[in-house]
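Chains E and X, in that order, are what the protein sequence lines are. Take the first sequence: its position 32, counting from 1, is numbered 32 in the working numbering, and each next residue is one higher. Take the second sequence: its position 8, counting from 1, is numbered 8 in the working numbering, and each next residue is one higher. Cβ atoms here follow ideal geometry from the backbone N, Cα and C, with glycine treated the same way. Keep in mind it's a predicted model, so treat the numbers as computed, not measured.
Number of protein chains: 2
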Amino acid sequence: MTRNHTREDILAEAARLFARGGFKGTSLHDIAVAVGCSKATLLYHFASKDALLVALVEPAIEELRALDDRLAVLHGEDARLVAVNGFVDLVLRYRREVTLVYDSLQVSEIPRFPGIDALAERLVRAFAGHSPDPVDDIAARVVLSGICTVVIEHADSGGIDLRDALTTVAERAVSSQVRPRQES
Amino acid sequence: MTRNHTREDILAEAARLFARGGFKGTSLHDIAVAVGCSKATLLYHFASKDALLVALVEPAIEELRALDDRLAVLHGEDARLVAVNGFVDLVLRYRREVTLVYDSLQVSEIPRFPGIDALAERLVRAFAGHSPDPVDDIAARVVLSGICTVVIEHADSGGIDLRDALTTVAERAVSSQVRPRQES
DNA sequence: GTCTATAGAAGGATAGAC
DNA sequence: GTCTATCCTTCTATAGAC
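The following block contains the structure:
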């Protein structure tokens, strides 16, 4: 557990600083100071600044892909439930990392992760319970991106269970008055 | 109307590029190339890169403050309706600018606008219809930030009325099952 | 594995001609 | 008003000692 102490420190500080200042807004110098080492040490552990970012978000991406796989065989309401619960859980465990991934979709200041755009699109559709209603599609997009943002600033969740709140919001936003549910 | 052709071009291109690449992710060189002029010309019209950003978002900030003023005398459901309709309208008219303002709240890569944090907090409360339920508070935050994000990528709104969709989503997300409405 | 020193590129901003 | 040329800083990354 105590192996590669420095490498872990770098990842932790980089996550914190990237979340606060953005990827382009955070320099290797900033990270080095936060860690308490030199820039050269950073680049000994990671080939480049981009490589550091990739290493940072890799675990989150892996889990995102796993969730995507699980969703592949689900439809409608089933997909929605798994997507919402799975994504909220994932975002809570990888707060800062997921936001970096999400930013990479919109802002080209960050290196792209292959296949992420299509994955995000499938996730939106699942969040919408594959509803044909365009409003549900918009709702899914709003909630999906909103969750990513809120989870960052709410590092201090004031007593309330953030997980329950976020899933509830996702539930509400996408629920049409007439929900096309499969009453099996 | 044809006065200060270049200045307007600079603002337009800067808005486009900042939205796509982020503030730090977009250089004066990038903007100059897009406009078709030199960096020096940019800095003749605007004192600095920061000043360019401020000039860009100033109109949006002004309207945001105006909305905030209107909200000051409203409560509960009335506040919610005015806040949601007013904000959605504002965001649709200043798509790229509002997002820059919103980013300035989270990411310190962008110069801060005075009083914006408190304003944003009041807006959140209004979006929540001043509900005491913490879930409504979270819902308001999710929807508020989600709207800012979605409106950017949806430059191509596919036939659907984005305004209606966004207000509907905001309505749904914050509506508790038991809405504390003032049935006058 | 970590450091100092430095290379090499890119960024924001200024000077001065036109 | 717009340009070219330049300055100075900051940034990423490398070289080489320890």
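task = Go ahead and label E/ASP164 buried or exposed: buried means 16 or more other beta carbons lie within 10 angstroms of its beta carbon, across all protein chains shown.
result = exposed
ask   = For X/PHE87, does the three-state DSSP call read helix, strand or coil?
value = helix
ask   = Three or more beta-carbon pairs under 8 Å between the region 51-64 of chain E and the region 105-123 of chain E, yes or no?
value = yes
key: E/ILE160 in three-state terms, based on DSSP   = coil
ask   = When you compare only the Cα positions, how much space is there between X/ALA126 and X/HIS75?
value = 8 Å
query = The alpha helix (DSSP H) spanning E/ASP137 covers which residue range?
reply = 134-153
ask   = Should X/GLY25 be flagged as near chain E, meaning a C-beta pair shorter than 8 Å?
value = yes
message = Quick check: what's the CA-CA separation for X/ASP161 versus E/VAL169?
response = 22 Å
query = Given a limit of 8 Å on CB to CB distance, which residues of the region 119-145 of chain E reach chain X?
reply = PRO134, VAL135, ILE138, ALA139, ARG141, VAL142, VAL143, LEU144, SER145
ask   = Among E/LEU90, E/LEU92, E/GLU121, E/ARG93, which residue has its Cα nearest to the Cα of E/LEU105?
value = E/GLU121
Chain-ordered chain X contacts of E/SER104 [CB-CB under 9 Å] = Near E/SER104 there are no residues of chain X at all, since even the closest Cβ is about 11 Å away, more than 9 Å.
inquiry  = Taking the beta carbon of X/TYR94 as the centre, do at least 16 other beta carbons fall within 10 Å, making it buried, or is it exposed?
reply    = buried
ask   = With 8 Å set as the bound, which would you pick, yes or no: does the beta-carbon of X/ILE31 sit closer than that to a beta-carbon of chain E?
value = no
task = Please work out which residues of its chain come closer than 6 Å, Cβ to Cβ, to X/ALA72, disregarding the five sequence neighbours upstream and downstream, and give them in chain order.
result = none
task = Enumerate in chain order the residues of its own chain whose CB-to-CB distance from E/SER184 is below 7 Å, with the five nearest sequence positions on each side excluded.
result = Note that E/SER184 scores 41 on pLDDT, short of 50, meaning its location in the model is unreliable and no value can be drawn from it.
query = In three-state terms, what does DSSP make of E/TYR94?
reply = coil
inquiry  = According to DSSP, simplified to helix, strand and coil, what is E/THR168?
reply    = helix
request  = Closer than 7 Å, Cβ to Cβ, to anything on chain E: give me those residues from the region 84-111 of chain X, in chain order.
outcome  = GLN106, VAL107, SER108, GLU109
query = What separation, rounded to the nearest whole angstrom, lies between the Cα atoms of X/LEU92 and E/GLU97?
reply = 29 Å
key: Status (buried if at least 16 other CB within 10 Å, exposed otherwise) for E/HIS29   = exposed
ask   = Does any C-beta atom of chain X lie closer than 8 Å to the C-beta of E/GLY21?
value = yes
ask   = Of all the options E/VAL84, E/GLU58, E/LYS24, E/ASP89, which has the alpha carbon lying nearest to the alpha carbon of E/GLY129?
value = E/VAL84
key: Status (buried if at least 16 other CB within 10 Å, exposed otherwise) for E/GLY115   = exposed
query = Where does E/LEU17 sit, in a helix, a strand or coil, going by DSSP?
reply = helix
ask   = By DSSP, does E/GLY129 sit in helix, in strand, or in coil?
value = coil
task = Could you tell me how far apart the beta carbons of X/ALA32 and X/LYS24 are, in whole angstroms, since I believe they sit closer than 8 Å?
result = Actually they are not in contact, since the Cβ atoms of X/ALA32 and X/LYS24 sit about 17 Å apart, beyond 8 Å.
message = Would E/VAL101 and E/ILE61 be called neighbours here (beta carbons separated by less than 8 Å)?
response = yes
request  = Give the interface partners of X/ILE147 over in chain E, defined as CB-CB distance under 7 Å, in chain order.
outcome  = VAL142
query = With C-beta atoms as the reference, is X/ILE147 less than 8 Å away from X/VAL88?
reply = yes
query = Within 8 Å (strictly less), CB to CB, does E/LEU166 reach chain X?
reply = yes
ask   = What's the gap between the Cα of E/ALA173 and the Cα of E/LEU119?
value = 21 Å
task = Spell out whether any CB of chain X is found under 8 Å from the CB atom of E/ARG70.
result = no
request  = Please list, in chain order, all residues of the same chain as X/LEU90 whose beta carbon is under 6 Å from its beta carbon, the five residues on each side excluded.
outcome  = GLU63
query = Are the C-beta of E/ALA15 and some C-beta of chain X separated by less than 8 Å?
reply = no
request  = Kindly list, in the order they appear in chain E, the residues whose Cβ is closer than 9 Å to that of X/SER175.
outcome  = ARG172
query = So, helix, strand or coil for E/GLU62, using DSSP?
reply = helix
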